[in-house]
Amino acid sequence: MINCFMDGHVIKNNCKKTLRDCSKDDQGYALSNIADDVVDFDNVKKIYCAKHLNASYTILKSVDTYLEGNNDQIFLIEFKNAKIDQKQKHGLNLKLKDSLLILTDSFGFNLKDFQKRLNYIVVYREEKNDVSSEYLEIATANTIPASFKNRNLKKKISKRTTKQFFTFWDLNKYEHSLVNEVYTLNEHEFLQYYNLKINHVKRNVSSYSFS
1 MINCFMDGHV IKNNCKKTLR DCSKDDQGYA LSNIADDVVD FDNVKKIYCA
51 KHLNASYTIL KSVDTYLEGN NDQIFLIEFK NAKIDQKQKH GLNLKLKDSL
101 LILTDSFGFN LKDFQKRLNY IVVYREEKND VSSEYLEIAT ANTIPASFKN
151 RNLKKKISKR TTKQFFTFWD LNKYEHSLVN EVYTLNEHEF LQYYNLKINH
201 VKRNVSSYSF S
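Under the UniProt record's numbering, the residue at position 171 of the sequence shown is numbered 171, and the numbers go up by one with no gaps.
Structural data, given as structure tokens:
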């Protein structure tokens, strides 16, 4: 069991939400319709700041969701219903790092835990983000002939690299250094990822490893 200095009972009961609710923006738009229970990590941050830092929760950033699988994997999920500009990219970096700080300080995790177990998933709204240039960068890095107009570019890259999901905005620098895997997925890809990687291994919040 992970030693939770914030009292696991409080976390599990006061921070439990559905994934759908955690995916909503301030206007109530949801990027996921999945009704499974998860931990609302924004609320965990608020408890942490109040209990451990005696400070406003605004001094730290955090991901939206914490989720555990029975395969020993942990998923931190951030939902962004916005155009990912430079400010948003900076925020995605801070949200991961500050969330790791909270997990380290209050849940007893260490860097080796993160490198082996933790996966950072950013879910963006497809309608607001044209990622053609990001796919072009990946194609170029893998010496795949491509153009911005190539609608089959993603399939080409998947075939060449054997990857089904991809990472944008320089977040791949955290793979195998701070965390295990990082993916940036639109809402449709996230549903595929969830069904493939999470749904069959997800644990009930009441059995999460912090005690």
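We put the CB at the ideal spot given by N, CA and C, even for glycine.
Check: In chain order, what are the residue ranges of uninterrupted alpha helix (DSSP H) at least 4 long that sit wholly in the segment 101–186?; Outcome: 111–117, 132–141, 153–161
Check: Name the DSSP bridge partner or partners of residue 38?; Outcome: 17
Check: Straight-line CA distance for residue 54 to residue 46?; Outcome: 10 angstroms
Check: Whole angstroms are fine: how far does the CA of residue 127 sit from the CA of residue 84?; Outcome: 11 angstroms
Check: Grouping DSSP H, G and I as helix and E and B as strand, with all else coil, what is residue 61?; Outcome: coil
Check: Residue 119 to residue 173, Cα distance in whole Å?; Outcome: 13 angstroms
Check: In this structure, how does DSSP classify residue 5 when only helix, strand and coil are distinguished?; Outcome: coil
Check: Taking Cβ to Cβ, would you say residue 202 is nearer than 7 angstroms to residue 69?; Outcome: yes
Check: How many Å lie between residue 211 and residue 67 at the Cα?; Outcome: 15 angstroms
Check: So, at 8 angstroms on beta carbons, what are the nonlocal neighbours of residue 205 in its own chain, with the 5 sequence-adjacent residues on each side left out?; Outcome: 12, 16, 37, 38, 39
Check: Quick one: give me the first and last residue of the beta strand (DSSP E) that residue 80 is part of.; Outcome: 74–80
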